[in-house]
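Protein chains: 2
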Amino acid sequence: MCEAREAMSATQSPVMKEIPPKSEDLSSWYTAVCLKAELVSYAPVRGCVVLRPYGFALWERLQAALDVRFKETGHENAYFPLLIPESLLAKEGEHIEGFAPEVAWVTQGGGETLPERLAIRPTSEVIIGTMYAQWIQSYRDLPILINQWANVMRWEKATRPFLRTLEFLWQEGHTAHATEQEAQAEAAQMLGIYREVAEGTVAVPVVVGEKSSSERFAGANHTFSLEALMPDGKALQSATSHELGQNFSRAYDITFADTDQQVKHVWTTSWGMSWRMLGAMIMVHGDDRGLRLPPKMAPIEVMIIPIVRGEEPAVLAAAQALAQELRAAGRRVRVDERDDKKPGFKFADADMRGIPVRIEVGARDLANGELVVVRRDQERGAEGTKVTVARDAIVTHLATLLNEIQASLFAQAQAQLARGLVTAEHRDDFLRLCRERAGLVEIPWCDQPACEAAVKAETSATTRNLRPLGVDQQPARCVACGEPARVRAYFAQSY
Amino acid sequence: MCEAREAMSATQSPVMKEIPPKSEDLSSWYTAVCLKAELVSYAPVRGCVVLRPYGFALWERLQAALDVRFKETGHENAYFPLLIPESLLAKEGEHIEGFAPEVAWVTQGGGETLPERLAIRPTSEVIIGTMYAQWIQSYRDLPILINQWANVMRWEKATRPFLRTLEFLWQEGHTAHATEQEAQAEAAQMLGIYREVAEGTVAVPVVVGEKSSSERFAGANHTFSLEALMPDGKALQSATSHELGQNFSRAYDITFADTDQQVKHVWTTSWGMSWRMLGAMIMVHGDDRGLRLPPKMAPIEVMIIPIVRGEEPAVLAAAQALAQELRAAGRRVRVDERDDKKPGFKFADADMRGIPVRIEVGARDLANGELVVVRRDQERGAEGTKVTVARDAIVTHLATLLNEIQASLFAQAQAQLARGLVTAEHRDDFLRLCRERAGLVEIPWCDQPACEAAVKAETSATTRNLRPLGVDQQPARCVACGEPARVRAYFAQSY
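Here the protein sequences line up with chains A and B, keeping their order.
Its first residue numbered 1, the first sequence is counted upward by one per residue in this note's numbering.
Its first residue numbered 1001, the second sequence is counted upward by one per residue in this note's numbering.
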C-alpha cells in the first residue's frame, strides 16, 4: 500500500511545478512560495501586499507569542494615531532627517487642502513622546511601559513580500524611565524576549549585538538587533531594540519631578518586531518542496488526508472523528476533504504549505487500527519520516512528534547558521568572504564609519551588529583597515 | 469599622470633582469620564484620539468576544492595504459618491508627488473586492469568509471620543457567495453575532432592523443595524451588516464558474463593528460616580484595596496573597498599592474606573477571617452593595457575584431601553416625541425618503431602523405623512 501511495505522490504534481528549486534560485523560490502557499498576494497599490488568511494566521501566532511575553513583563497595549503633523515630526533633528525621505504625506482631507502636511507614521516615537509629555508628571508615573500593534508606512523603492513593503504590520514598544539604568535594562530585556521568540517559537537562530553608528536607528544612542542568516549568505535584521537616551525626552519635553523634587528628563526606549520575522522563517526553513513551518508557528499542525477512491463515506467519517479527537486534545488540525483532488496532490499541497505532520487515513489502515503519519521536517525518504502508528496512540504520538519537529527544524537552522559564521584574519580574505556572501563574517573592527563605508563600497557588505572584544582578548587590529580594533563585528550583505 | 471607612470615602474626593453629574449634562460627563478614567487622550492631530491602555484593554476584550465567534463560524482574518488608488475607488458609483467627501488623500511619497492620489481606506470593499476578483475562479472557491481588524479614516468635522473620530479602529468582514440566499444568510448571521456580543458581553440591549434607503450603506442593497439608546434619548448605531447584492461584484468583476459551467457574478456582504460600541457601553452603564463596566468587559474585575494606616506589611502581604489566589482562579485582579493615596480616594477611583467589585482588606478583617466586598453596579448604600464574606469562600462568592453584576447591568439597561421605546399615533405627538428626544419613537411608516427628509427637517430625527409590519397588522397609515404604511420604523435623533 505504501508503494501505491508513493506512485500517487507528486514529484511532478502541478503543486510543485510552479516553484523553482530553492537551492538554485532563492529569490524566485521565495516569491513563488509566498504566492503559491497563499501567504500573500500583490495588491493593486504599488509596493503593498495583501496578507491572506494563511499568512495572517502565521502573523497571529507570532503576535500571540510576543504579546503574552510583553504582558508578563508588565507592558500594556495602546493605540496612537496614524497621522503625525509635519511640525511635530520635525522636532527631533536626526529622526526627521532619517525618516523624511521615506514618508508618505496626507495633504488633502474632507475635500480641502490641509494647512499642514500629515505624515503617515513610519514609526511612532514622536506621537507617543508627545503624549508621554502630557501623561508624566512625577516619578510615580514611571515607568510607562506601552506597546502598540500597528501598520506603518515607509516609501521604499524595491519591495518584496514580508521583507520590504511600503506598508507593513509590526509592534512597537515605547517606554519611559526615571533612570538610564532602567532604560538600559528594558532595552536588554526586550531584546531577550525577541531572541526567545525568534529561536524558541519561530525556530530561527540569531546573532545578537549592537548596531554600528551608521546602522543605528535615527535618534537612538544605542540600537541592538537580532540578525538571522539567510541561505544565500545575506543577513536579515529581524528585530531591534533602542536606547533612546534623553534625545526624545529633550526634543518633546518629557519631564518628571523626581523623588528629590528635581525636574528631570525621562529616559526612553523603543523596540520593534515586524512581519519581516515571517520572511526569515520562510527562507530559513523552506525547502524545494515549499514551506516548512515550525509546529509552534503552524496555523495547521496536522493535515488529515483521507485515502479514498470514489465514495468511501466510512473513511471520511473516520477522518472527521480523528480530527475531532485531536482538536479536543488541543491540536490545530484540518481534513483535506476536497473531492476534486487526488491524495498525491494533497500530499504535495500539504508539504508545499509547510504543514508539520500529515496523517493518511485509508480503509485498510482503519481495519488494522493504524494510521500513517508523515513528518515534514526531514528529507523525503529519510528513515522515520513515514511511520505507522496505532490509532489509540495517536494523541500522545503527535504531542511528542511535534516537539521533535520543532527541535529538529531549529537544529537544522542552527547548523546552517554555524556554517555561515566565518572569521577572517586578513583584509583580502575578509573582502572576498563579504563579496561572496559567505555568511556573517566576523572580524576585530575599528568601529569607524569611514572604514565601514569603504568596505560597503568594495563589497556591498555592512556591519550587521557588534559585540565587545573579549576581556582576555589580545590587542588586535581592524582586519578591514589596520587601525586598532575596538569591537568584534559581523559584516554581511543584507536584505 | 464600616463607619470609619465611610468617613474616609470620597463623596468630595478629587476623583469625583472633575466629573459633572451624568444626569445633568451627559455630554460633559461623557467626555470627562473618558479622559479621567484614562480611556483616551486627545491627540496632537485634529479629530483623533489616543486609546490609552485602559481603553485599549476594553477594545481587546471586545475584539476577543467577536473574534472567537467569527472563527467559530468559519471566518478567517486577513490584512489588506491601507491605501486605495483613486481610480479603483471610483469604480462603484454610489460607493465613491458616498465616501469621497470624507476621504483623506495621500498625494506625496518618497519625496515625490504621486501620479495618482491614494485614499486612506474609509472602508475596504473596493480593495478586497479587487482581490476577490483575482482569487475566485470556481464555485469551489466559494464562499470566501474574511474578516479584517484595521484602522480606517473618515474626515469628519465634529468629533467625540469613540463616537466619531477621523481615525478609528474596527473590524470589517467581507464575504463572497455563490447565491443571494447564502449572502442573505451570512448578513443575518453576523447581525446575530453582533447582537449576541452587544447584549451578552457588553450588556447593551439593542433594537435590530433594516436601514431605510437614505440611511443605507453606500453601495448596499440592504443594510441592517444594531441601534442602542443613549440616556439622552439619542440613538447610537452600534454595528451594521450589509447585503451588497452584485453591486460590487459587477463593478469589480468578481465572477465564478458555477456548477452548471455558467460564469456568474458573486454575491457579497460586508459587516462591521467599531470601538463605537465602547462609547455605547460607557454612556448606557455609567453613573454620576463614573464608569460601570460589565464584568465580561472589565479589564480589572476586582480591585483589592488594602486598608492601612502607615506601615502594615501583613495587610499588604495578605492583599497580594489574595490577588494571587484569585488570579489562579482565572480572575482579572489588581491590588491598589499606591502609598500616597488614602483608602477613600482609592474607593472613589476604583468606582470611577468602573471596576465591578472591590475588596477591602484590613487588619481586623484578616483577624476575623473575613473580607469586605463591595459591588459597583448598585446605588451607593443600596441593600447588599457591601457585604462581609468569609475569606475561605471568596473565590466562589466572586464567581457568582460577577455573573450577578453582568446580569444586573443588562437588566438596568433593558429597563432604560424599555422606557425609551415609545409609540405615537398622531403626527403632532410623533413630531413632539422626536423633537424632545423621548427615545426610539416607533410608528407605522410609508418608507418614503421625502417623508423621512421632512421629519428630519422638523425634528432632527431620522429613521434608525425598520421592521416589517406584522402579518396580522391592520392596514395602517404612516403617522408622519398619512400615506399607506409599509413598515414599522424607529425614529430618533442620533449620534
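We put the CB at the ideal spot given by N, CA and C, even for glycine.
Put simply, the backbone Cα of Gly1384/B is about 8 angstroms away from that of Arg1375/B. With 16 or more other Cβ atoms inside 10 Å of its own Cβ, Gln1493/B counts as buried. Selection Glu1102/B, Glu1360/B, Met1303/B and Glu1458/B evaluated against Val1333/B yields Met1303/B as nearest (Cα-Cα).
Residue contact check for Gln320/A against chain B: no CB pair falls below 8 angstroms. Only residues of its own chain outside the window of five on either side were considered, and among them Glu1156 have a CB closer than 6 angstroms to the CB of Arg1164/B, listed in chain order. Counting of Cβ neighbours within 10 angstroms places Lys234/A among the buried residues, the total reaching 16 or more.
Looking only at Ala323/A, Met297/A and Lys296/A, the smallest Cα-Cα distance to Ile305/A is reached by Ala323/A. At a beta-carbon threshold of 7 angstroms, none of the residues of chain A lie near Gln1189/B; the nearest stands roughly 19 angstroms away.
Around the C-beta of His75/A, 16 or more other C-beta atoms lie within 10 Å, and the residue is accordingly described as buried. Here Gly1173/B is buried. Its C-beta has 16 or more other C-beta atoms within 10 Å. Among the residues of chain B, those whose CB is under 8 angstroms from the CB of Glu102/A are Gly1110, following chain order.
According to DSSP, Val302/A shares a beta bridge with Val333/A and Val357/A.
When C-beta distances to chain B are compared with 8 angstroms, the residues of the stretch 31 to 45 of chain A below that value are Ser41, Ala43, Pro44 and Val45, in chain order. At least one C-beta of chain A is nearer than 8 angstroms to the C-beta of Trp1155/B. The three-state secondary structure of Tyr194/A, taken from DSSP, is helix.
In this structure, DSSP gives His1222/B an extended state, which the three-state scheme calls strand.
Residue burial annotation: Ser1241/B is buried, with at least 16 other C-beta atoms found within 10 angstroms of its C-beta. For His1177/B, the enclosing beta strand (DSSP E) stretches over residues Glu1167 to His1177. Ser270/A sits close to Leu244/A, with the two beta carbons spaced by under 8 angstroms.
For Thr107/A, the nearest CB of chain B lies under 8 angstroms from its own CB, placing it at the interface with that chain.
Under the criterion of beta carbons closer than 8 angstroms, Ile254/A and Val266/A qualify as touching, at roughly 5 angstroms. Minimum Cα-Cα distance from Leu236/A among the listed residues Met273/A, Ala257/A and Val395/A corresponds to Met273/A.
If you draw a 10 Å sphere on the C-beta of Pro1295/B, you find 16 or more other C-beta atoms in it, and that means buried. The secondary-structure analysis by DSSP pairs Asp1287/B across a beta bridge with Gly1290/B.
Of the residues Pro1299/B, Arg1338/B, Ile1136/B and Leu1433/B, the one whose Cα lies closest to the Cα of Leu1058/B is Pro1299/B. Note that the C-beta distance between Ala1090/B and Trp1105/B is not below 8 angstroms. If you keep only unbroken beta strand (DSSP E) runs of at least 3 residues inside the stretch 1243 to 1267 of chain B, you get 1255 to 1257 and 1263 to 1265. Taking 8 angstroms as the cut-off, the beta carbon of Gly1219/B is found no closer than this to the beta carbon of His1397/B. Look at the stretch 1420 to 1469 of chain B and you find these whole runs of beta strand (DSSP E), each 3 residues long or longer: 1421 to 1423, 1440 to 1445 and 1462 to 1468. In this structure, the straight-line span from the alpha carbon of Ser1408/B to that of Asp349/A is close to 52 angstroms.
Within chain B, the residues placing a beta-carbon under 9 angstroms from that of Met131/A are Ser1041, Ala1043, Pro1044, Val1050 and Arg1052, ordered along the chain. The Cβ atoms of Phe248/A and Gly129/A sit closer than 8 angstroms to each other.
Measuring C-alpha to C-alpha distances from Ile1127/B to each of Arg1327/B, Ala1078/B, Asp1141/B and Trp1170/B identifies Ala1078/B as the nearest.
Distance from Arg464/A to Phe491/A at the Cβ level is roughly 7 angstroms; contact confirmed, criterion being Cβ atoms closer than 8 angstroms. Secondary structure note for Thr1388/B: it is in no alpha helix (DSSP H), and the uninterrupted beta strand (DSSP E) holding it is Lys1386 to Ala1390. When Arg364/A, Leu229/A and Asn403/A are compared, the shortest CA-CA separation from Arg391/A is found for Arg364/A.
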